[in-house]
Amino acid sequence: MLCALVRGPTTGHKLVLCRSVAELLGPVHDVRCLSAGRGVYQRQPRSQSQSQSQLQNPAHRPDLLSLSRPAVSSKLSVRSLHSENDAMFYSMYAYLSNLPRLHVLGMAVVAYVVYYLIQVVKRPIIACSDGPFKQYLIRKVPTLENKYWPTFWCVESRAQTVLASLLRSKSLPRVNYRREILSLKDGGEVALDWMEEGCDSSAPCILILPGLTGESQAEYIKCLVFAAQQSGMRVVVFNNRGLGGIELKTPRLYCAANCEDLCEVVQHVRRTLPEKCKLGATGISMGGLILGNYLARKSDEARSFLSAAKIISVPWDVHKGSASIEKPVINSLLGRHLAGSLCRTLRNHLDIYRDIYQDSDIDIQRILRCKTIKEFDELFTAKQFGYAHVNDYYSDATLHNKLDHISVPLLCLSAADDPFQPLDAIPIKAANQCTHVAIVITARGGHIGFLEGWWPSTKDQYMGRLFTEYFTKALFDEDGEFQHTANKMHERFLAKQTVALASSTPVLFAKKIDDDQLDHKVKLM
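Okay, structure coming up:
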């Protein structure tokens, strides 16, 4: 149509053409008004004399082809793009503003369900070398092959940690233990709480080590105790010195790097049980550190007493765990709570420490004001156990670099979002090369949380279910398959140690030669 108008013989057609193009494109000073999300075009009025002067003056009659010049075209494109974006934005705003609240809530629920199914519900990772132990776990422990479904409304790590403690403390009743006081070689005393109701005389036994300031009535301990009782296994809980209502007989408390008390407890429990009764052990959090160090440092002794072991939410690298618990804001609040529990434990036995440390460099009053676990360990724990610095204590307690020394089948449960232990500190690579260690890593779970179900108030939780499935198969072992698997694992362990010793012998021999040559040179001088 435009081409036909251009070829028209009369000037009237040109006038119509120019006015049509002007109306179509509009001058630069035209404006757009946005009302209720829709673009409304308004052109500034022009007088008839202005139009006639523009038509009569050749300088004001641009040729039609000049409208396609790049400068004019780019300005029009940018202005059109901005106008379209603004119109789309205001249209979306108007739509969402008038959207019913139920629709908004429905969209939010759908979005959260999609997020939950994709990012939260996942099958756990099993970090273990391809060998007898991993094959046995996949065949005999069905929980490892299923996805872990955290509580729908409680998936955040700190929420799992706190709510798990609150809900278990409200739903689980107090356990009636049979208490035994065990005197140790140095004169100290610890309390062993036995739970044997409904168990046969030949029923296997599980030794449980609580966390940092935990004892036998802690909610996560009761969760495991009830789970073991339902499976027909007896339980004995090892309360550390000064905990569980026991008075201190010596100034020494406990630490994550020292397993001397545990050695005496394991030997005593083994002597107490019938000969055919198998013994297992479980450590939670810091109790897992003590148990892990015992398995690594007393490898042969542990293998002679324990048939299987399990640790839950253990801080593999204590340095990184300490740094993680001090991160603001919620992590640091949890750390302050634990530090306060340590200070209360010390305050309960203040009489014995006030006289002993009166003239030493240990300031009890300053220790009682500690706000972090590391500060307490620096001022008290490290000094009491003879470490020059708190970092030396943490390096000695760390477990992630000791897996190769463990010769008891050990199943570990950790959460990737544990606020007390970052994911990069879990020794996945080391476990993949270890014969006796398998680490189960869930995407969620927090620290000793692992809640599941719409209202997780029942005794059957993920942590307890995995606990019973593993120990039921390992300790009852009716078909003898676990013992056969353990023997094959030990053969691989010995073969690996032989290879490692053979590879290190030339280095040691070369070092010895260098030392002999150096001594000879010193004598010649």
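Per UniProt numbering, residue 1 is the first one in the sequence shown, and the count goes up by one each step. All C-beta atoms in this analysis are idealised placements derived from N, C-alpha and C, irrespective of residue type, glycine included.
- Note that the stretch 238–257 touches the stretch 176–188; at least 3 beta-carbon pairs, one per stretch, sit closer than 8 Å.
- Looking at the DSSP output, SER183 bridges to GLU189.
- Annotation: ASP300 to VAL408 spans about 9 Å, alpha carbon to alpha carbon.
- Look at LEU338 here: in three-state DSSP terms it is helix.
- For SER414, the uninterrupted beta strand (DSSP E) segment begins and ends at 410–415.
- DSSP lists LEU192 as the beta-bridge partner residues of PHE238.
- HIS436 is the residue among VAL236, HIS436, ASN401, ASN432 whose C-alpha sits nearest the C-alpha of HIS490.
- Between the stretch 437–447 and the stretch 153–171, the count of Cβ pairs shorter than 8 Å is three or higher; the stretches touch.
- The three-state secondary structure of LEU207, taken from DSSP, is strand.
- GLY464 is classed as buried because its beta carbon has at least 16 other beta carbons within 10 Å across all chains shown.
- Nearest Cα to GLY283 within the set LYS496, LEU137, PRO315, CYS277: PRO315.
- If you draw a straight line from the Cα of ILE362 to the Cα of CYS343, it comes to about 14 Å.
- Sequence-distant Cβ neighbours of ARG178 in its own chain, meaning closer than 8 Å and more than five residues away, are ASP193, TRP194, MET195, GLU196.
- With respect to GLY292, LEU399 sits close: the two C-beta atoms are nearer than 8 Å.
- Annotation note: the stretch 282–312 contains the following uninterrupted alpha helix (DSSP H) runs of length 4 or greater, listed N- to C-terminal: 286–297, 299–305.
- Between the stretch 228–235 and the stretch 324–335, the count of Cβ pairs shorter than 8 Å is below three; the stretches do not touch.
- Taking 8 Å as the cut-off, the beta carbon of LYS140 is found no closer than this to the beta carbon of PRO204.
- Around GLY242, the same chain offers LEU248, LEU253, TYR254, THR345, ASN348, HIS349 as residues with beta carbons nearer than 8 Å, after the five sequence neighbours per side are excluded.
- A straight-line Cα-Cα distance of about 10 Å links GLY214 and SER285.
- DSSP lists CYS205 as the beta-bridge partner residues of LEU279.
- Per DSSP, reduced to three states, the secondary structure at TYR393 is helical.
- The residues GLU219, LYS222, CYS223, PHE226, LYS459, in chain order, have a CB closer than 8 Å to that of LEU172 in the same chain once the five nearest residues on each side in sequence are set aside.
- Between the beta-carbon of SER414 and that of ILE373 there is about 19 Å, and that puts the pair past the 8 Å contact cut.
- By alpha-carbon distance to ALA323, the top candidate from ASN391, VAL235, LEU262 is ASN391.
- For ALA438, the enclosing beta strand (DSSP E) begins and ends at 437–442.
- The beta-carbon separation of PRO142 and THR485, rounded to 17 Å, does not stay under the 8 Å limit for a contact.
- For the 8 Å CB-CB criterion, GLY244 and SER216 form a contact.
- For the 8 Å CB-CB criterion, VAL155 and VAL110 do not form a contact.
- Taking 4 residues as the shortest admissible run, the stretch 452–478 contains the following complete alpha helix (DSSP H) segments, listed from N- to C-terminal end: 462–471.
- Just so you know, the alpha carbons of GLU84 and SER91 end up roughly 10 Å apart.
- Counting only residues of its own chain and dropping the five nearest sequence neighbours on each side, GLY453 has a CB closer than 7 Å to the CB of THR151.
- By the CB criterion at 8 Å, PRO124 and LEU144 fall inside the cutoff.
- For ALA218, there is no enclosing beta strand (DSSP E), as DSSP marks it with neither H nor E.
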